[in-house]
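Those letters in the sequence shown? Residues 1 to 213, per full-length UniProt numbering, in order.
One structure below.
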Amino acid sequence: MPQHPSNPYRAPQAAPSQRSLPRRDSRNTNRGPFVPAAPALNSQPPQQSPELAQRYELLSRLGVPPVATEDFDDLARNVAERAGFLYGFVNLFLDEQTFVGLHQPPTNSGFVIVGRTMSRDHGWCPEVMARRKALPLHDVHASPRFSGNAVVDAVGIRSYFGAPLIHASGTVLGTVCVIDPEKRSLREARHLRDIVINASSQVMDHIAHAPVR
Numbered sequence: 001m002p003q004h005p006s007n008p009y010r011a012p013q014a015a016p017s018q019r020s021l022p023r024r025d026s027r028n029t030n031r032g033p034f035v036p037a038a039p040a041l042n043s044q045p046p047q048q049s050p051e052l053a054q055r056y057e058l059l060s061r062l063g064v065p066p067v068a069t070e071d072f073d074d075l076a077r078n079v080a081e082r083a084g085f086l087y088g089f090v091n092l093f094l095d096e097q098t099f100v101g102l103h104q105p106p107t108n109s110g111f112v113i114v115g116r117t118m119s120r121d122h123g124w125c126p127e128v129m130a131r132r133k134a135l136p137l138h139d140v141h142a143s144p145r146f147s148g149n150a151v152v153d154a155v156g157i158r159s160y161f162g163a164p165l166i167h168a169s170g171t172v173l174g175t176v177c178v179i180d181p182e183k184r185s186l187r188e189a190r191h192l193r194d195i196v197i198n199a200s201s202q203v204m205d206h207i208a209h210a211p212v213r
């Protein structure tokens with residue numbers, strides 16, 4: 001788990017760490033956990049957009065540091081297990097996609113152990129943020145719009161289901177999502193969509209009412 005900055009609401013100064021996700025059928029038992037790169041020297045904080053500044057301000061007001069916690073990991077694990085997916089995420093959309101909640105295969109499974117951050121341009125969560133509603137992709141190759149993606153190109157992820165984290169104020173903080181290298185049937189799509197929508201409600205209820213461990 002990453003080191004927490006002294007001021008968790010300050011924009012990170014290091015360049016985002018990135019890690020591709022594995023194919024389910026391409027395990028590599030020689031790979032160990034991802035180790036983030038060292039911070040760049042003399043780097044300057046990026047300019048924040050009004051939307052990003054609003055997210056940081058709301059998280060600060062709610063008392064939710066934008067860092068990994070046991071509670072968020074539990075919520076990510078719950079949604080992944082309910083959906084039957086390898087990976088589950090509670091993702092705050094900050095200077096980078098920040099996985100404050102993460103479920104993934106154990107370190108001795110042979111699957112790649114992913115890091116806690118990813119570029120804002122990768123994956124399908126940016127689309128969920130823009131549309132402000134759930135995105136069910138039972139097979140990402142079913143639509144040219146969603147098949148051309150860095151995650152697909154690199155490692156062959158085939159299914160994605162995500163839902164936005166929308167605060168009562170209207171601010172979209174991030175997403176809850178699950179991904180897997182195996183596609184799902186079209187008849188499963190509505191059920192899996194409902195799982196992530198329900199999980200997003202649980203996360204927002206936790207943010208609003210429960211102390212974060």
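Quick reminder that beta carbons are idealized off the backbone N, C-alpha and C, glycines included.
TODO: Using 10 angstroms around the beta-carbon of P208, count the other beta-carbons present and answer buried if the total reaches 16, otherwise exposed.
DONE: For clarity, residue 208 is Ala in the given sequence; the question names Pro instead. Per the 10 Å Cβ criterion, exposed.
- [ ] Select from S185, E81, F99, H138 the residue whose C-alpha is nearest the C-alpha of F89.
- [x] F99
- [ ] Report the option in C177, E182, P181 whose CA atom is closest to the CA atom of A134.
- [x] C177
TODO: Give me the Cα-Cα distance between residue 215 and T171, rounded to the nearest whole angstrom.
DONE: In the structure as shown, the chain starts at 1 and stops at 213, and residue 215 therefore has no counterpart that could be examined.
Task: Nearest candidate by alpha-carbon position, reference residue 218, set D180, M204, L94, T107 - done: Residue 218 is absent from the structure shown; the chain starts at 1 and stops at 213.
TODO: Using the Cα positions of L59 and A80, report the straight-line distance between them to the nearest angstrom.
DONE: 24 angstroms
Open item on the list: My assumption, with CB atoms under 8 angstroms, is that D95 sits in contact with H206. Please give the rounded CB distance.
Closed with: That belief does not hold up - the Cβ atoms of D95 and H206 are roughly 23 angstroms apart, past 8 angstroms.
Open item on the list: Quick check for students: name the residue ranges of the beta strand (DSSP E) that lie wholly in the UniProt domain "GAF" (72-187), counting only runs of 3 or more.
Closed with: 87-93, 97-103, 135-137, 159-166, 172-180
- [ ] Determine the extent of the alpha helix (DSSP H) in which S200 is found, giving its start and end residues.
- [x] 189-209
TODO: Under 6 angstroms Cβ to Cβ from G174, same chain only, skipping five residues before and after it: list those, please.
DONE: N91, L92, F93, L165
- [ ] Please state whether DSSP places A53 in a helix, a strand or coil.
- [x] helix
Open item on the list: Since L192 and P136 should fall inside the 8 angstroms C-beta cutoff, what is the C-beta to C-beta distance between them, to a whole number of angstroms?
Closed with: 6 angstroms
Task: Rounded separation between V128 and F146 - CA only - done: 12 angstroms
Open item on the list: Going by C-alpha to C-alpha distance, which of A189, H103, P181, R190 sits closest to T69?
Closed with: H103
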